[in-house]
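Protein chains in written order, with my numbering: chain A, 1 to 326; chain B, 1 to 295. Working notes, beginning with the structure itself.
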């Protein structure tokens, strides 16, 4: 397996451009760092660290960093505080907000085993055959998708700082549509990534997960009607859909663990295969649903701690399920 | 929502228009029903956090009295997007005044190339003289004016003045400038020079950079100074157009023009972004700028 993250970007199915450009290698740990930095929504920090960490036009990053440093030096030398006027000017500097977490999520999916294809369908500028993402994926596309042959993993992300319940509802509605749009794969995992994880005290994500999973498991009305008899020949089976909830820090923790186990000096004895990944995701989902059924409160960072513990066992060749628990 | 004189106000997906047109054509809805139909389609298909973040409506620094981020309710946003979508379809000649789509129009709208061409041809700004002028044509005139100057060179920071793209403030100013075109008091009704706006931009850029020592900031520091000066000029000359309230409209319009393959943003997000023409200006069959003969 490779632990160098690379995705195809482009908002048109005919555009398949590798990101980052060849020669720029991103290890999972860098993705973890970048994801956490996004949490503070400080676009200056994004500029100097996040984008460069994920290989986003590093040359341009250096030049812009020098320009902003020069401006700051002058302002400080003049004892000039940041004013409202400065903030207004900053707003007028940005024509299109570039993407962030969706690209990181796409890159993250690309290092979970070696998918046949990992894609972030964002808008891109092509410059000397180099792809520079500049805008979010057009409507109708998931934020990121990776195909592993037997199954597909989608990621639905949001970086909103102060999430409202309606934002969470929107994220799940959007995820549901994107899952429904996958018609070529019988097994789908959909990762829901935001600032709120399962351990959120309001339990918004946990409640949405329970509802979404229940909806998926209930037969469609026409299926229920036909349930007494055998399904008509040629009727498509509903795909097996499993939603998983991570907060951004969970994603970062998993990226760090992947590096520890499968990075250059990784300690893993067993390679992470798509079968292995599918088994880990299935087990994480099963444990999540058990917690939900018990109406227990999830401890902090439960999702990443649980996944990482299983990943550690898997990598060392041990069974991922505790025999006693099983 | 006052988005004048921009193409978009909130709805920023050019390629959402075919889906919207199909919804309207199939339902036959007109007037308020058409808006309801579009709002429903927006709810189902088009609104994502990325849309709102792209417009700066999410993650905004501004806070309300309780210290929460100041951003519109989703329902309000959806309605505004539906109104905007209908207006865009009318501007581009897809729907009539009632929101009716002719059946023969639908296959055309579903052809992306046709849709891009519709933006190219039908996106106009009407001046005070009542003349509707083509925005893409005017944009290309500005790009051509800049391209007539020597190309910028990284080791000559002040050559940033000849950068062949526009910053957002300049892009917005072009729209307000076009909306303001009309007869001047005491003057004959005259057609504005093809190059007039490009010349204004060029002069202001040179003035902003005059005598500038870029220190260790390089050419991008010069570009930053230039972009901030362009914002000052926009706010000073077009205060009554309320440019601050039209940032979302300008950004939405930029995205639609990007989708149409007309412009593309370059530069670093978080730094300054510049809007460049996608098409090769040299290959455009246009007249050259007229040279004033030496006296």
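Ideal Cβ positions, reconstructed from N, Cα and C, are used throughout, including at glycine.
Rounded to whole angstroms, residue 270 of chain A and residue 53 of chain A show a C-alpha spacing of 28 Å. Looking at the backbone, the Cα of residue 174 of chain B and that of residue 188 of chain A are separated by about 48 Å. Sequence-distant Cβ neighbours of residue 277 of chain A in its own chain, meaning closer than 8 Å and more than five residues away, are 112, 113 and 148. The beta carbons of residue 199 of chain A and residue 118 of chain A sit no closer together than 9 Å. Secondary structure of residue 6 of chain B (DSSP, three-state): coil. Of all residues in the segment 133-163 of chain A, the ones placed with a Cβ closer than 9 Å to any Cβ belonging to chain B are 134, 135, 136, 137, 138, 139, 140, 143, 157, 158, 159, 160, 161 and 162, in chain order. For the options A/76, A/205, A/103 and A/268, the alpha carbon positioned closest to that of residue 289 of chain A is the one of A/205.
Listed along chain A, the residues sitting closer than 7 Å to residue 228 of chain B by beta-carbon distance are 89. Neighbourhood of residue 77 of chain B in chain A, by CB distance below 9 Å: empty, with the nearest CB roughly 10 Å away.
In the same chain as residue 252 of chain A, and ignoring 5 residues on each side of it, the C-beta atoms closer than 6 Å to its own belong to 32, 35 and 36, in chain order. In terms of CA proximity to residue 150 of chain A, A/279 leads the group A/279, A/160 and A/57. Scanning the segment 182-212 of chain A from its first residue to its last, the whole beta strand (DSSP E) runs of 3-plus residues come out as 187-194.
Every beta strand (DSSP E) of 3 residues or more that sits fully in the segment 112-170 of chain B is shown, in chain order, as 124-126 and 132-134. DSSP lists A/146 and A/189 as the beta-bridge partner residues of residue 153 of chain A. Contacts with chain A at 9 Å (Cβ-Cβ) do not include residue 156 of chain B.
When Cβ-Cβ separations below 9 Å define contact, residue 108 of chain A makes no contact with chain B. Annotated as distal: residue 197 of chain B and residue 124 of chain B, with beta-carbon spacing of 9 Å or more. By the CB criterion at 9 Å, residue 264 of chain A and residue 27 of chain A fall inside the cutoff. Any Cβ of chain B closer than 9 Å to the Cβ of residue 314 of chain A would place that residue at the interface, and such an atom is absent. A distance below 9 Å separates the beta carbons of residue 244 of chain A and residue 284 of chain A. Beta-bridge pairing by DSSP links residue 273 of chain B to B/267. Here the alpha carbon of residue 306 of chain A sits roughly 22 Å from the alpha carbon of residue 211 of chain A. Your pair residue 37 of chain B and residue 24 of chain B checks out as a contact, with CB atoms roughly 6 Å apart and the cut at 8 Å. Beta-bridge pairing by DSSP links residue 120 of chain A to A/9. Judged by DSSP secondary structure, residue 244 of chain A falls within the beta strand (DSSP E) whose first and last residues are 240-247. Judged by DSSP in its simplified three-state form, residue 131 of chain A adopts strand. Here residue 17 of chain A is bridged, per DSSP, to A/9.
With a contact defined as Cβ atoms closer than 8 Å, residue 8 of chain B and residue 88 of chain B qualify at about 6 Å. Each of A/203, A/314, A/322 and A/213 was checked against the Cα of residue 297 of chain A, and the nearest Cα belongs to A/203. Shown here for residue 20 of chain A: same chain residues with a beta carbon closer than 6 Å to its own, the five before and five after excluded, namely 55 in chain order.
A residue is called buried once 16 or more other Cβ atoms fall within 10 Å of its Cβ, and residue 314 of chain A is buried on that count. Of A/159, A/165, A/170 and A/293, the smallest CA-CA separation from residue 195 of chain A is found for A/159. Its chain contains 154, 157 and 160 as the residues whose beta carbon lies nearer than 6 Å to that of residue 219 of chain B, once the 5 sequence neighbours on both sides are disregarded; these appear in chain order. Counting only the Cα atoms, residue 16 of chain B lies some 10 Å from residue 256 of chain B. Leaving aside the five residues that flank residue 120 of chain B on each side, the residues in its chain whose CB is nearer than 6 Å to its CB run, in chain order, 136. In the structure shown, residue 247 of chain B falls within a helical segment according to DSSP collapsed to helix, strand and coil.
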